[in-house]
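In what follows, a single structure is set out as structure tokens and then discussed.
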Amino acid sequence: MRGSRARLVVVMASVVVILLTAFVGMRESSKSNLDSYGGLPSWLPRSSVPTNRIVSATVQHPQLGIGGSTFKVIVDGASTLVTMSGPQTPPFVTPPPPVTRATFTITFAKTTGVVALRPRDFGIIDGNGNVYYPKAFADGTTRVLASLAMPTSVEVSVVMATGTGSIAWAPDGKRPVVTWEYTLEND
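The sequence shown begins at 341 in our numbering and counts up one residue at a time.
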């Protein structure tokens with residue numbers, strides 16, 4: 341009888357230990373990283389620049405961004421919201437080639453007036469520093485008009501070296517108004 345009682349005490353103590361361990365573990369896992377690591381140090385300066393804003397760009401005040409950045413471009417009495425996305429690349433192959441086709445989509449929305457778009461107005465610099473001026477958009481057109489009627493998207497496509505580069509839009513064919521930086525990867 342004594343052995344059974346001792347076993348019962350050991351089993352009960354084990355159950356209590358297991359339950360306490362589980363309870364403590366649940367409490368610890370419910371803490372966020374902020375609870376254990378704290379916030380930003382108080383000595384860091386606070387930013388006064390608003391985020392997720394649309395920046396205005398003109399020939400006199402060109403702007404720089406990354407893919408996905410939207411700019412309000414004012415050119416020749418017209419204005420438009422312009423966003424670049426990409427580059428899109430073909431599916432991965434092994435080994436990765438040193439060059440690949442990259443396609444950029446540039447979307448113009450909420451356009452007031454008419455903005456003429458020509459492929460040669462988009463200068464693309466690849467990862468090796470080569471500069472490309474497309475002769476036609478990806479669909480073969482050489483001129484598109486963006487207007488208030490609906491958002492207008494054009495695609496430029498170039499076979500180029502991988503790496504970090506940029507794509508600039510110069511509506512007058514000479515001076516960029518907006519430039520987006522990108523990274524082309526094919527791996």
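Glycine included, every Cβ here is placed at the ideal spot set by N, Cα and C.
Worksheet entry | Euclidean distance between Cα positions of Glu525 and Asn470 | Here residue 525 refers to the residue found at position 185 of the sequence shown. Here residue 470 refers to the residue found at position 130 of the sequence shown. Straight-line Cα distance between these residues: approximately 16 Å.
Worksheet item: Going by the beta-carbon positions, is the gap between Pro404 and Lys412 smaller than 8 Å?
Response: Numbered from 1 along the sequence shown, position 64 holds the residue referred to as residue 404. Numbered from 1 along the sequence shown, position 72 holds the residue referred to as residue 412. In the sequence as presented, Pro is not what sits at residue 404; that position holds Leu. No, the Cβ-Cβ distance between Leu404 and Lys412 is not below 8 Å.
Worksheet entry | Distance between beta carbons of Ala510 and Asp461, contact taken as under 8 Å | Stepping through the sequence shown from its first residue, residue 461 is reached at position 121. Stepping through the sequence shown from its first residue, residue 510 is reached at position 170. Confirmed, Cβ separation roughly 5 Å.
Discussion item. Classify Trp520: buried if its beta carbon has 16 or more other beta carbons within 10 angstroms, exposed otherwise.
Written reply: To locate residue 520, count along the sequence shown from 1; it is residue 180. Looking at its Cβ environment, which holds 16 or more other Cβ atoms inside 10 Å, Trp520 is buried.
Worksheet item: CA-CA distance, Pro474 and Ile446?
Response: Taking the first residue of the sequence shown as 1, we reach residue 474 at position 134. Taking the first residue of the sequence shown as 1, we reach residue 446 at position 106. Rounded to the nearest angstrom, the two C-alpha atoms are 14 Å apart.
Worksheet item: Just to confirm, are Gly505 and Asp466 a CB contact at a threshold of 8 Å?
Response: The residue labelled residue 505 in the question sits at position 165 within the sequence shown. The residue labelled residue 466 in the question sits at position 126 within the sequence shown. Taking 8 Å as the Cβ cut-off, Gly505 and Asp466 qualify as a contacting pair.
Fill in: Pairwise C-alpha distance: Thr482 and Thr391
Along the sequence shown, read from residue 1 onward, the residue named residue 391 stands at position 51. Along the sequence shown, read from residue 1 onward, the residue named residue 482 stands at position 142. Cα to Cα, the separation comes out at about 36 Å.
Practice prompt. Grab me the residues of Gly407's own chain with a C-beta within less than 7 Å of its C-beta, minus the 5 sequence neighbours each way, in chain order.
Written response: Taking the sequence shown and counting its residues from 1, one reaches residue 407 at position 67. Correct list, in chain order: Met424, Ser425, Gly426, Trp520 and Tyr522.
Fill in: Nearest residue (CA-CA) to Asn468, options Thr502, Gly453 and Leu384
Along the sequence shown, read from residue 1 onward, the residue named residue 468 stands at position 128. When the alpha-carbon of Asn468 is set against those of Thr502, Gly453 and Leu384, the nearest one is in Thr502.
Discussion item. Tell me the DSSP secondary structure of Arg441 in three-state form.
Written reply: Looking up residue 441 in the sequence shown gives position 101. If DSSP states are grouped into helix, strand and coil, Arg441 belongs with the strands.
Discussion item. Quick check on the burial criterion: 16 or more other C-beta atoms within 10 angstroms. Buried or exposed for Pro516?
Written reply: Counting from 1 along the sequence shown, the entry for residue 516 is found at position 176. Only buried fits Pro516, as 16 or more other CB atoms lie within 10 angstroms of its CB.
Discussion item. I'd like the list of long-range same chain contacts for Thr451, defined as Cβ closer than 6 Å, with 5 residues on each side in sequence excluded.
Written reply: Stepping through the sequence shown from its first residue, residue 451 is reached at position 111. Excluding sequence neighbours, Thr451 sits near Thr420, Ala486, Ser487 and Leu488.
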